[in-house]
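Only one structure is covered here, and it is reproduced in the block below.
Residue numbers (our numbering), protein chains in the order written: chain A, 125 to 278; chain B, 16 to 207.
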């Protein structure tokens, strides 16, 4: 009997604490599922400025909430995806985009890795050629062959 | 001998590269607003039922400092701003950013109630810690903050006589930053 009481008490305390630790209330979804889908689409391409490695779609930061609200209103006012992104870039810079526009300022970002790959390939080519040259058996001169024969005969 | 040195040089290069990367603050994101006109707004001030807009500061070099009573780094920054304001070198306008936070029970109350509560809290806080601001404006919903690209409080903007943003700093202002960066910039902007 005692055991049962303890168990019930434990279960009850679990339930109690679980309800305590649920934290912030969920932000209500807008009524329009179409709008919400577009919001998710757009905000997956946008960076949350506070957490930096999270997208605006998945971030729980307060600023992300505010920005999602802002994007919702821009969608409602009939702005295109590009216009919405431009709106955010004008305020937070290219950093807010996960796929920044290709322009001279972002060339290093876009093409840098390929440039490094090409440089690495050139180094590899040069290295392999050198190694092959080292490993290739040197042709024996007639004189050396003669000497080798003598030595082998003992 | 030369060949032996190549990996060493590469390694040192890599170390320097990573060390520089470690030293850089990832919060320092270059603001696209630098060199652009400060976004217009018209917001209630902390003091009374007047509104303030950046156009009121036309012809003056001024600082816009984003703050809130809930912001911990602001408390650290505040004595620096108070001491700085006592020298009367440049007017500092405060932007009280989202004083009532979403987790606050008062968050969903009507605008007027929120404004009243935010004013009360801010005034108490400024009385206790000193008031460096010529005025503060109440950005309750953070919309003006979004227009200024605010993503972490405190932030400080230097705005020139023509109303163009010349400098932005994210984080707590330090005496060194004031002396080395902000004051020379203000002196230069005041000359023109």
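Using N, Cα and C, we set each Cβ at its ideal position, and we do this for glycine too.
- Contact of residue 215/A with chain B is assigned, a C-beta pair being separated by under 8 Å.
- Taking a contact to require three or more Cβ pairs closer than 8 Å, the region 107-116 of chain B and the region 71-91 of chain B qualify as touching.
- Secondary structure remark: continuous alpha helix (DSSP H) runs of at least 4 residues inside the region 27-107 of chain B, in chain order: 87-100.
- With a threshold of 16 other beta carbon atoms within 10 Å, residue 187/B meets it and is buried.
- Contact between residue 97/B and residue 145/B holds, since their C-beta atoms are separated by about 4 Å, short of 8 Å.
- Nearest CB-CB separation between residue 137/B and chain A: not below the 8 Å threshold.
- In the DSSP annotation of this structure, residue 135/B is not part of any beta strand (DSSP E); the continuous alpha helix (DSSP H) holding it starts and ends at 126-144.
- Taking 8 Å as the threshold, the shortest C-beta distance from residue 111/B to chain A does not fall below it.
- Taking a contact to require three or more Cβ pairs closer than 8 Å, the region 34-54 of chain B and the region 209-227 of chain A qualify as touching.
- Assignment of residue 236/A by DSSP, reduced to helix, strand and coil, places it in the helix class.
- Counting along the chain, residue 160/A sits inside no beta strand (DSSP E); it lies in the alpha helix (DSSP H) bounded by residues 157-167.
- Here DSSP, grouped into helix, strand and coil, assigns residue 221/A to strand.
- For residue 174/B, the enclosing beta strand (DSSP E) starts and ends at 170-174.
- Scanning chain B for C-beta atoms nearer than 7 Å to the C-beta of residue 190/A yields 157 and 161, reported in chain order.
- Take residue 207/B, set aside five residues on each side of it, and no residue of its chain has a beta-carbon closer than 7 Å to its own.
- In terms of beta-carbon proximity, residue 176/A lines the interface with chain B, with at least one pair separated by less than 8 Å.
- Against chain A, a Cβ distance below 9 Å from residue 167/B picks out 173, 174 and 187.
- Contact of residue 194/A with chain B is assigned, a C-beta pair being separated by under 8 Å.
- For the options 56/B, 201/B, 115/B and 35/B, the alpha carbon positioned closest to that of residue 156/B is the one of 115/B.
- Take the alpha-carbon of residue 136/B and the one of residue 122/B: they are about 14 Å apart.
- Considering only 176/A, 265/A and 251/A, the residue with the shortest C-alpha distance to residue 259/A is 251/A.
- Of the candidates 169/A, 241/A and 220/A, the residue whose Cα lies closest to the Cα of residue 165/B is 220/A.
- The beta-carbon distance between residue 130/B and residue 59/B, rounded to whole angstroms, is 6 Å. This is short enough to meet the 8 Å contact definition.
- Going by beta carbons, residue 149/B and residue 94/B fall outside the 8 Å limit.
- Here residue 150/B carries a strand assignment [DSSP, helix/strand/coil].
- The Cβ neighbour count for residue 209/A, taken over all protein chains shown within 10 Å, is at least 16; the residue is labelled buried.
- One thing to note: residue 162/B has its Cβ within 8 Å of the Cβ of residue 56/B.
- When the beta-carbon positions are compared, residue 200/B and residue 173/B come within less than 8 Å of each other.
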